[in-house]
Amino acid sequence: MNIACGIEYDGTDFRGFQRQAVNHGPTVQGALESAISRVSDGAFSVVNGAGRTDAGVHASGQVITFSTQLQREPAVWLRALNAVLPNTVAVRWVRVMPERFHARFSAVSRSYRYTIWNDLAPSALHARYSYHCSKAVDVDLMNQACQALLGEKDFGAFGHSPNVSNPLKPGPHSCVRMMLEARCTRPEANELIYCDFTANAFLTGQVRRMVGTLLLVGQKRLCLEEFFEIVQRAEKTHPGSAAPSHGLCLVRVDYPEKFGVNER
Numbered sequence: 004m005n006i007a008c009g010i011e012y013d014g015t016d017f018r019g020f021q022r023q024a025v026n027h028g029p030t031v032q033g034a035l036e037s038a039i040s041r042v043s044d045g046a047f048s049v050v051n052g053a054g055r056t057d058a059g060v061h062a063s064g065q066v067i068t069f070s071t072q073l074q075r076e077p078a079v080w081l082r083a084l085n086a087v088l089p090n091t092v093a094v095r096w097v098r099v100m101p102e103r104f105h106a107r108f109s110a111v112s113r114s115y116r117y118t119i120w121n122d123l124a125p126s127a128l129h130a131r132y133s134y135h136c137s138k139a140v141d142v143d144l145m146n147q148a149c150q151a152l153l154g155e156k157d158f159g160a161f162g163h164s165p166n167v168s169n170p171l172k173p174g175p176h177s178c179v180r181m182m183l184e185a186r187c188t189r190p191e192a193n194e195l196i197y198c199d200f201t202a203n204a205f206l207t208g209q210v211r212r213m214v215g216t217l218l219l220v221g222q223k224r225l226c227l228e229e230f231f232e233i234v235q236r237a238e239k240t241h242p243g244s245a246a247p248s249h250g251l252c253l254v255r256v257d258y259p260e261k262f263g264v265n266e267r
């Protein structure tokens with residue numbers, strides 16, 4: 004059986020999604036594989052995730068797949084896995100999928116949201132899931148700058164290919180991605196700013212550095228023309244730094260309609 008699951012997690016205490024050496028700290032993939040092993044007596048393949056979120060990054064819409072010879076109903080998997088997972092990881096749904104479905108390679112787009120708490124005083128209730136920025140921010144300017152991010156282009160100014168550290172893929176590594184959505188909004192009379200991005204795929208660190216650079220525009224420390232030039236030049240040497248990881252969340256992964264995953 005090829006099993007797909009929708010996963011939600013608080014990434015605060017994890018060293019990212021992808022499994023690492025034990026002495027590097029806990030990972031989401033490690034927690035999932037440990038839980039699946041417990042409820043299946045080890046009869047499963049490795050877990051594959053749609054997105055390899057970094058240390059401290061959260062997810063409300065991560066998708067994983069794994070294969071197993073055990074014949075169980077989705078509802079049984081759902082109850083069993085949530086019974087043994089830590090309370091910082093939750094399985095939201097389970098489906099039996101065709102063998103050709105793969106959480107990562109079948110995905111057509113991923114969507115991330117970066118949340119900023121923009122107020123002079125911090126918020127205890129939002130602290131784990133948003134970045135506190137006490138300075139005044141012009142969100143309209145940030146949203147205007149987002150127009151430069153749309154379409155297919157080289158995003159080398161904001162990140163690097165995840166294959167850079169893979170010895171099995173020596174390169175060259177492309178930084179070209181298709182950005183389908185990029186916008187910054189602030190609900191009326193609200194301290195929260197939402198930066199939403201959807202692309203066919205993202206570079207490592209891309210969203211966080213885009214947000215850090217957009218904040219310079221919103222604080223009027225970088226004009227729109229300078230931001231457009233940074234995007235066009237696609238060089239990492241610019242004043243924008245990466246925003247902290249705890250404000251970032253993987254909110255959705257979309258797949259071709261034939262798989263029915265988006266109809267949950």
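When you read off a place in the sequence shown, starting at 1, and then add 3, the result is the number in this note's numbering. Note that beta-carbon positions come from the ideal geometry of N, C-alpha and C, so glycine has one too.
- Under the three-state reduction of DSSP, THR56 is assigned to coil, being neither helix nor strand.
- Annotation: the continuous beta strand (DSSP E) that includes SER114 extends over 112-121.
- Looking at the backbone, the Cα of GLY208 and that of MET181 are separated by about 16 Å.
- According to the DSSP assignment, THR216 belongs to the alpha helix (DSSP H) that extends over 209-221.
- Here the C-alpha atom of VAL25 lies approximately 42 Å from the C-alpha atom of PRO190.
- A contact between stretches requires three or more CB pairs, one per stretch, nearer than 8 Å, and the segment 223-231 fails this requirement with the segment 248-256.
- Judged by DSSP secondary structure, GLN235 falls within the alpha helix (DSSP H) whose first and last residues are 227-236.
- Under DSSP, the beta-bridge partners assigned to ALA62 are TYR12, LEU253.
- The alpha-carbon separation between GLU102 and GLY215 amounts to approximately 40 Å.
- One thing to note: ARG18 has its Cβ within 8 Å of the Cβ of ALA58.
- Note that the segment 33-52 does not touch the segment 112-129; fewer than 3 beta-carbon pairs, one per stretch, sit closer than 8 Å.
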